[in-house]
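Contents: one structure, followed by commentary.
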Amino acid sequence: MITTILLSVGIVFLAELGDKSQLMALTFALRYRWWVVLGGIAAASAAVHLISVGIGYFLGAALPTRAIALIAALTFLAVGLWTLREHFGGDDEAAEPKPPRSTTAPFFVVLSAFLLAELGDRTMFATAALATDNSWVGVWIGSTIGMVAADALAIAAGIMVGKHLPEHIIGICSGLLFLYFGTASLLAAARPDLGIRTGGALAILAPAAAGIALRIRSRRVRRNSERVPNDPASEVDRVR
Numbered sequence: 004m005i006t007t008i009l010l011s012v013g014i015v016f017l018a019e020l021g022d023k024s025q026l027m028a029l030t031f032a033l034r035y036r037w038w039v040v041l042g043g044i045a046a047a048s049a050a051v052h053l054i055s056v057g058i059g060y061f062l063g064a065a066l067p068t069r070a071i072a073l074i075a076a077l078t079f080l081a082v083g084l085w086t087l088r089e090h091f092g093g094d095d096e097a098a099e100p101k102p103p104r105s106t107t108a109p110f111f112v113v114l115s116a117f118l119l120a121e122l123g124d125r126t127m128f129a130t131a132a133l134a135t136d137n138s139w140v141g142v143w144i145g146s147t148i149g150m151v152a153a154d155a156l157a158i159a160a161g162i163m164v165g166k167h168l169p170e171h172i173i174g175i176c177s178g179l180l181f182l183y184f185g186t187a188s189l190l191a192a193a194r195p196d197l198g199i200r201t202g203g204a205l206a207i208l209a210p211a212a213a214g215i216a217l218r219i220r221s222r223r224v225r226r227n228s229e230r231v232p233n234d235p236a237s238e239v240d241r242v243r
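Numbering (our numbering), first residue to last: 4 to 243.
Below, the structure is given as structure tokens:
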């Protein structure tokens with residue numbers, strides 16, 4: 004059992020290094036509290052790996068991966084647009100004090116995003132393959148630990164980055180990153196013949212276009228604020 008756990012930890016940990024899940028973990032860590040992100044990742048990892056080792060490789064091969072990828076892509080795009088809207092809302096929203104951030108909604112956002120992203124991923128197939136020749140309990144425990152450990156490194160990086168950036172910049176960057184993930188996942192599901200590199204390069208166009216649009220809007224809002232007439236009370240005092 005211990006050997007199986009250590010083997011699963013090592014394989015999944017190495018497979019997750021540099022994977023999109025680490026980038027997602029870093030992005031979520033810029034947006035939400037680290038323990039909420041880690042809890043969502045742990046719950047999603049346990050669920051996905053339980054499916055892979057419990058049902059086996061045949062369920063993994065039969066999963067509608069394209070449909071799952073499309074749903075995941077739409078989820079990423081929705082989170083990205085929602086995040087950008089929070090930081091580029093109306094002026095009234097910016098003037099009002101922000102209420103304390105809830106932890107329930109972010110937990111389910113992280114949980115659903117990672118659950119959809121990992122279903123049908125190569126890590127799931129690797130876990131299913133390990134479970135065919137080893138104890139499924141050991142593979143499940145080891146694969147979950149390995150994935151959480153790999154993503155914890157990305158969360159730590161997100162915390163370090165977040166300490167040196169304003170919250171406004173963090174929100175904009177995380178929103179643009181989610182747009183990139185969503186567009187890349189959408190292209191991979193709709194046009195798998197493009198390849199990872201081509202799809203990734205084309206996916207940059209979405210956050211780039213959003214960044215340009217936000218820049219134009221920011222300049223327009225700044226110009227409008229400069230055109231606001233002076234306070235009438237100050238005008239009366241100046242005349243006196």
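Backbone N, C-alpha and C define an ideal beta-carbon position, used for all residues, glycine too.
Q.
Tell me which residues share the same chain as M4 and place their Cβ nearer than 8 Å to its Cβ, disregarding the 5 neighbours each side in the sequence.
A. If we look at M4 and ignore the five residues flanking it on each side, its Cβ neighbours are S138, V140, G141.
(Q) Can you list, in chain order, the residues of its chain with a C-beta nearer than 8 Å to that of P100? Leave out the 5 residues immediately preceding and following it. (A) Note that P100 scores a pLDDT of 41, beneath 50, so its modelled location is shaky; the value from the coordinates is reported in the next line. Excluding sequence neighbours, P100 sits near nothing in its chain.
Q | For Y35, three-class secondary structure by DSSP | A | In this structure, Y35 counts as coil in the three-state DSSP scheme.
Q) Comparing alpha-carbon positions, which option in G83, L217, S11 lies nearest V151? A) Here the closest residue by C-alpha is S11.
Q) Looking at G149 and G43, is the spacing between their C-beta atoms short of 8 Å? A) In this structure, G149 does not lie closer than 8 Å to G43 by Cβ.
Q | Where G63 sits in the DSSP three-state scheme | A | In this prediction, G63 has a pLDDT of 47, which is less than 50 and means its spatial position is unreliable; nothing more can be read from the coordinates.
**Q.** Contact set for L190: own chain, Cβ-Cβ below 8 Å, skip 5 residues either direction
**A.** L197, G202, L205, A206
Q | When T147, C176, R226, A76 are compared against T86, the one with the closest alpha-carbon | A | When each option's Cα is compared against that of T86, the closest is C176.
Q: Taking only the alpha-carbon atoms, compute the straight-line gap between V39 and F110 and give it to the nearest angstrom.
A: 6 Å
Q: Can you tell me which of the three DSSP states P169 falls into?
A: coil
Q: Return the chain-ordered list of same chain residues with a C-beta closer than 6 Å to the C-beta of L73, the five sequence neighbours on each side being excluded.
A: A192
Q. Taking all protein chains shown into account, do 16 or more other C-beta atoms lie within 10 angstroms of the C-beta of A173, making it buried, or fewer, making it exposed?
A. Looking at the sequence shown, residue 173 is not Ala but Ile. So I173 counts as buried.
Q. Can you list, in chain order, the residues of its chain whose CB lies under 7 Å from that of E96, leaving out five sequence neighbours each side?
A. At E96 the pLDDT is 42, less than 50, meaning the model places this residue with poor confidence and gives no usable figure here.
**Q.** Where the alpha helix (DSSP H) through R200 begins and ends
**A.** 199–206
Q.
Closest to V56 by C-alpha separation, out of R69, T135, R218, A157, would be which residue?
A. Per the Cα distances, T135.
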